[in-house]
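Visitor:
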Amino acid sequence: MFETIKQFVFSFISTIGFSIIFNIPKGLIVKSGIVGGIGWLVFYISSQFFSSSIISTFFASLTVGILGELCARYFKKPATVFIIPGIIPLVPGAGLYYTMLALLEEDFYAAATKGTETIFIAAAISAGLIISTTLSKSIRRANTK
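Quick note on the numbering used here: the sequence shown kicks off at 22 and runs consecutively.
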């Protein structure tokens with residue numbers, strides 16, 4: 022339980038930091054931090070059920086996308102205000118680092134393995150956000166008819 026809370030708090034803080042860097046309106050910084058924290062919490066919990074970080078990343082980015090769309094409607098702001106900082110904890114920065122390190126060390130097998138995993142994680146983030154945005158637009162279109 023303590024580990025779960027710690028994971029949420031650190032991802033919340035990192036999301037807030039990037040919200041400040043991205044000049045998110047002051048009243049929405051904490052809210053975007055909550056979106057990022059919940060997204061990372063979904064990643065952390067689903068990682069315990071699935072052996073693949075790619076699947077966990079997909080569910081987390083889907084959650085961030087849905088929460089971002091819901092917050093956008095509620096606070097009447099663009100969804101990107103919540104989604105872009107919210108996916109920061111999910112971005113595979115370490116994967117990119119270890120891919121480049123393996124290339125510099127001329128360990129091409131490790132570079133290919135880590136690079137492929139990193140690309141699939143990035144694709145999972147994209148797929149989760151695309152699906153959540155498409156669902157949001159479909160629901161909005163159905164409600165206007």
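We treat Cβ as the ideally placed atom computed from N, Cα and C, and that holds for glycine. Note that this is a predicted model, so its numbers are computed, not measured.
Between the stretch 83-102 and the stretch 25-39, do at least 3 Cβ pairs fall closer than 8 Å?
Guide: By the C-beta criterion, the stretch 83-102 is judged not to be in contact with the stretch 25-39, since fewer than 3 inter-stretch pairs fall below 8 Å.
Visitor: Among residues of its own chain, excluding the 5 on either side of Thr154, which ones have a beta-carbon nearer than 8 Å to its beta-carbon?
Guide: Within the sequence shown, residue 154 is the residue found at index 133, counting from 1. The residues are Gly86, Glu90 and Ala100.
Visitor: Do the CB positions of Ile75 and Ala132 come within less than 8 Å of each other?
Guide: Within the sequence shown, numbered from 1, the residue matching residue 75 stands at position 54. Within the sequence shown, numbered from 1, the residue matching residue 132 stands at position 111. Contact: no.
Visitor: When the Cα atoms are used, what is the spatial distance from Ile59 to Ile37?
Guide: In the sequence shown, residue 59 corresponds to position 38, counting from 1. In the sequence shown, residue 37 corresponds to position 16, counting from 1. Computed Cα separation, rounded: 13 Å.
Visitor: Output the distance between the C-alpha atoms of Ile50 and Ile109, rounded to the nearest integer angstrom.
Guide: The residue you call residue 50 lines up with position 29 of the sequence shown. The residue you call residue 109 lines up with position 88 of the sequence shown. Each residue's alpha carbon lies about 14 Å from the other.
Visitor: So the alpha helix (DSSP H) Gln28 belongs to, where does it begin and stop?
Guide: Indexing the sequence shown from 1 puts residue 28 at position 7. It spans Phe23 to Ile42 - the alpha helix (DSSP H) in which Gln28 sits, taken as one unbroken run.
Visitor: Which residues mark the beginning and the end of the alpha helix (DSSP H) in which Gly89 is found?
Guide: For this step, residue 89 is matched to residue 68 along the sequence shown. Here the alpha helix (DSSP H) through Gly89 covers Ser74 to Phe96.
Visitor: Report yes if the C-beta distance between Ile45 and Pro113 is below 8 Å; otherwise report no.
Guide: Taking the first residue of the sequence shown as 1, we reach residue 45 at position 24. Taking the first residue of the sequence shown as 1, we reach residue 113 at position 92. For Ile45 and Pro113, no; Cβs fall outside 8 Å.
Visitor: Among Phe141, Leu111 and Ile160, which residue has its Cα nearest to the Cα of Gln28?
Guide: Within the sequence shown, numbered from 1, the residue matching residue 28 stands at position 7. Of Phe141, Leu111 and Ile160, the residue nearest in Cα terms is Leu111.
Visitor: Which residues in the same chain as Thr78 place their Cβ atom closer than 7 Å to its Cβ, once the five residues preceding and following it in sequence are excluded?
Guide: If you number the sequence shown from 1, residue 78 lands on position 57. Cβ neighbours of Thr78 within its own chain (closer than 7 Å, five residues either side excluded): Phe64, Leu111, Ile142, Ala145 and Ile146.
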